[in-house]
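Presented below is the structure to which this report refers.
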Amino acid sequence: MPVVEPNVMEALLAYLRNNYAQMCRHWFNEIEFVQISQGTLTLLVKEQVRLKYLQRSCLNQFTEAAQAATGKLLAVEFVGEDERPELAEEPHAGGVYTQPDLNEEMILSPDYTFDSFVVGPDNRLAHAASLAVAQKPGKAYNPFFVHGGVGLGKTHLLQAISQMAMRMHRGMRIFYTSCNGFMTHFMEAVQAGQMADFRHRFRNFDLLIVDDIHDLSKRGPSQEEFFHTFNSLYQAGRQIVLSSDAPPNEIPDLEERLTSRFNCGLVANIERPCYETRVAIVRSKAQMRNIELPDDCAAYIASRLDSNIREMEGAITKLQGLSLLEQAPINMELCKKAIGEQDTSTPGSPTTIQDILNTISNYYGLRITDLLSKRRHKSIALPRQIGMYLARKHTRFSLGEIGGYFGGRDHTTVMHAIRSIDSRRTGDRHLDDEVRRLEELVIQTGASL
Numbered sequence: 053m054p055v056v057e058p059n060v061m062e063a064l065l066a067y068l069r070n071n072y073a074q075m076c077r078h079w080f081n082e083i084e085f086v087q088i089s090q091g092t093l094t095l096l097v098k099e100q101v102r103l104k105y106l107q108r109s110c111l112n113q114f115t116e117a118a119q120a121a122t123g124k125l126l127a128v129e130f131v132g133e134d135e136r137p138e139l140a141e142e143p144h145a146g147g148v149y150t151q152p153d154l155n156e157e158m159i160l161s162p163d164y165t166f167d168s169f170v171v172g173p174d175n176r177l178a179h180a181a182s183l184a185v186a187q188k189p190g191k192a193y194n195p196f197f198v199h200g201g202v203g204l205g206k207t208h209l210l211q212a213i214s215q216m217a218m219r220m221h222r223g224m225r226i227f228y229t230s231c232n233g234f235m236t237h238f239m240e241a242v243q244a245g246q247m248a249d250f251r252h253r254f255r256n257f258d259l260l261i262v263d264d265i266h267d268l269s270k271r272g273p274s275q276e277e278f279f280h281t282f283n284s285l286y287q288a289g290r291q292i293v294l295s296s297d298a299p300p301n302e303i304p305d306l307e308e309r310l311t312s313r314f315n316c317g318l319v320a321n322i323e324r325p326c327y328e329t330r331v332a333i334v335r336s337k338a339q340m341r342n343i344e345l346p347d348d349c350a351a352y353i354a355s356r357l358d359s360n361i362r363e364m365e366g367a368i369t370k371l372q373g374l375s376l377l378e379q380a381p382i383n384m385e386l387c388k389k390a391i392g393e394q395d396t397s398t399p400g401s402p403t404t405i406q407d408i409l410n411t412i413s414n415y416y417g418l419r420i421t422d423l424l425s426k427r428r429h430k431s432i433a434l435p436r437q438i439g440m441y442l443a444r445k446h447t448r449f450s451l452g453e454i455g456g457y458f459g460g461r462d463h464t465t466v467m468h469a470i471r472s473i474d475s476r477r478t479g480d481r482h483l484d485d486e487v488r489r490l491e492e493l494v495i496q497t498g499a500s501l
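By our numbering, the letter at position 96 of the sequence shown is numbered 148, and the numbering carries on one by one without gaps.
Structure representation (structure tokens):
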């Protein structure tokens, strides 16, 4: 006869909050106590992604908490709706995914949902399109291609599409993977002589989501196979979602036929979030971890860390850990201590694009009007690209705003300039030294104001 102890959950969650605060999420409160029977505490988790996450990442901590809460040597098992003990003898009613072996391979984070995605002017189109794709796969935008810098939310959106589609379209064949995951499957199939199985597998999904598709760069055989996979799915009206750190036209060494296909649907850009959006993101990340973050701390983190969302998330995690370690409340003093090592801002007054234009103009002996003109001579084009590169690194302006300052150029031109300088610095010692010197001059200009 099962032993029912509903108060166990309260004690268990309290133990986790006290001992594993950084692991805890607000949705842990939705986990349901089922029973304690035959030395096992059974917990019900209704969402498949959360269930897999707990089984994969939290079992040891929950087991420790269960034993502390009950004083018994218990094991813990997480079950879904179809696995309730009282339903154990009933036939399986089917799940959200028709190929369990592939569903096991999909590693999705329960943190990455549409509810937890903070929408701002820098990502509004990408968010709206992602939502439409999840609600009506193959109908709204196909293919859907989202691009942007590291840590700006591309993976969040792709996983949110996966999770919403799994909930809304039960039985739909959905697969989320990284580009490297696709290539690993491909190489293993080639080596095992199982290409027929591989093709049957990947060309029969209703929704295929591939993260970091730019990793196809310079991979000839993988590009060939993905081209045929793409064609097969597209012609059958099945949804394809891709992400990259660059728009299709700027992925190096990507076959033109793939570039053309990636461009045939909706291509949406995610830019660095503005200050207001960053504040909202910081608050959201803190709330997710049940952290009471004062408004001045949220504003401080958002103003000091503006490169990407992962930096902000890391700061919040560090802040929480420091608070627990020092048994101190979260306040501005602790906040400054926590993110001091992560501070990526420039000392002194904020650098402006005008500072950068003046520095570039003086260094190269050019007129600012030349830098803003449409002239493409190397003596002007390279300094202009360096200026865009420094503007991206040392100001908080978006790609589009930087392009506007530099003679009304669009964001793709700015992104190309940034990537070009970044790439050339690694192989051109003279250029690298030149950029470093210009950076020093720009920083000195800001500090002297």
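Even for Gly, the Cβ is constructed at its ideal location relative to N, Cα and C.
Beyond the five residues adjoining it in sequence on each side, Asn360 comes within less than 8 angstroms, by CB distance, of Gly201, Val202, Gly203, Leu204 and Arg324 in the same chain, given in chain order. Secondary structure of Phe250 (DSSP, three-state): helix. Selection Leu125, Asn175, Tyr105 and Gly417 evaluated against Ser161 yields Tyr105 as nearest (Cα-Cα). Its Cα nearest to that of Met61, the residue Phe80 stands out among Met75, Phe80 and Gln74.
Bounds of the alpha helix (DSSP H) holding Ile420 are Ile420 to Leu424.
For Phe254, the CB contacts under 6 angstroms within the same chain, skipping 5 residues up- and downstream, are Thr281 in chain order. Under the 8 angstroms Cβ criterion, the region 334-347 does not count as touching the region 294-310, having fewer than three qualifying pairs. Here Leu294 really is in contact with Phe314; their C-beta atoms are around 6 angstroms apart, less than 8 angstroms. Following the DSSP letters along the chain, one finds Val131 inside the beta strand (DSSP E) bounded by residues Ala127 to Val131. For Gln496, the closest C-alpha among the options Thr478, Arg362, Thr403 and Met218 is that of Thr403. Between the region 462-481 and the region 436-454, the count of C-beta pairs closer than 8 angstroms reaches three or more; the two stretches touch. Ser413 has its alpha-carbon roughly 41 angstroms from the corresponding atom of Leu209. Distance from the CA of Leu418 to the CA of Gly317, rounded to the nearest whole angstrom, comes to 42 angstroms.
Sixteen is the threshold: since fewer than 16 other Cβ atoms of the shown chains lie within 10 Å of the Cβ of Val242, the residue is exposed.
Your pair Leu490 and Leu442 checks out as a contact, with CB atoms roughly 6 angstroms apart and the cut at 8 angstroms. Note that the C-beta distance between Gln291 and Gly190 is below 8 angstroms.
Short of 7 angstroms from the beta carbon of Cys76, and not among the five residues preceding or following it, lie these beta carbons of its own chain, in chain order: Leu68, Arg69, Arg341 and Asn342.
Distance between Arg444 and Ser475, taken at the CA atoms: about 15 angstroms. With a threshold of 16 other beta carbon atoms within 10 Å, Leu377 falls short and is exposed.
Ser168 is classed as buried because its beta carbon has at least 16 other beta carbons within 10 Å across all chains shown.
Only residues of its own chain outside the window of five on either side were considered, and among them Met384 have a CB closer than 7 angstroms to the CB of Asp348, listed in chain order. In the three-state scheme derived from DSSP, where H, G and I count as helix and E and B as strand, Asp485 is classed as helix.
Residue environment for Asn194: buried (at least 16 other C-beta atoms within 10 angstroms of its C-beta).
By the C-beta density criterion, Ala367 is buried, having at least 16 other C-beta atoms within 10 angstroms.
When secondary structure is reduced to three states using DSSP, Leu318 falls in the strand class. Taking each of Ala217, Asn175 and Val170 in turn and checking the Cα distance to Val185, the smallest one comes out for Ala217. The beta carbon of Leu259 lies closer than 6 angstroms to those of Pro189, Ala217, Ile226 and Gln291 in the same chain, with the five residues before and after it left out. Per the DSSP secondary-structure output, Asp263 pairs in a beta bridge with Ser230.
Runs of the beta strand (DSSP E) lying entirely within the region 259-308, each at least 3 residues long, are 259-263 and 291-296 in chain order. For the pair Leu345 and Ala338, the Cα-to-Cα distance works out to about 7 angstroms.
For Ile88, the enclosing beta strand (DSSP E) has its first and last residue at Glu84 to Ser89. Judged by DSSP secondary structure, Phe114 falls within the alpha helix (DSSP H) whose first and last residues are Leu111 to Thr122.
The C-beta distance from Ile391 to Arg356 rounds to 6 angstroms, short enough to fall under 8 angstroms. Apart from the 5 residues on each side of it in sequence, Thr122 sits with its Cβ closer than 7 angstroms to the Cβ of Val60 in its chain, given in chain order. The C-alpha of Glu129 lies about 8 angstroms from the C-alpha of Gln107. In this structure, the CA atom of Ile353 is about 27 angstroms from the CA atom of Ala320.
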